Amino acid sequence: RKEQSIERTPLKRACKPEDIAEVIFFLCAGAAMVTGQTVIVDGGLTL
Numbered sequence: 012r013k014e015q016s017i018e019r020t021p022l023k024r025a026c027k028p029e030d031i032a033e034v035i036f037f038l039c040a041g042a043a044m045v046t047g048q049t050v051i052v053d054g055g056l057t058l
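Taking this note's numbering, the leading residue of the sequence shown gets 12, the next gets one more, and so forth.
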């Protein structure tokens, strides 16, 4: 089942904790002027 999910994503790999951490780091950085958004980290599945 996990392999089937990975095959459906454009990046063809599973998300790692580091992928989520990079998004959090970006949002916490002072230059990130983002408010009121939902950030989806899914390997391009919802493109």
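Cβ coordinates follow ideal geometry from the N, Cα and C atoms, glycine included. Quick caveat: nothing in here was measured; it's all calculated off a predicted structure.
In the three-state DSSP reduction, Ala25 falls in the coil class, being neither helix nor strand.
At a Cβ-Cβ threshold of 9 Å, Gly47 and Leu22 do not count as neighbours. Going by beta carbons, Ala25 and Ile17 fall inside the 9 Å limit. Cβ contact annotation for Ile31 (same chain, cutoff 7 Å, sequence separation greater than five): Val52, in chain order.
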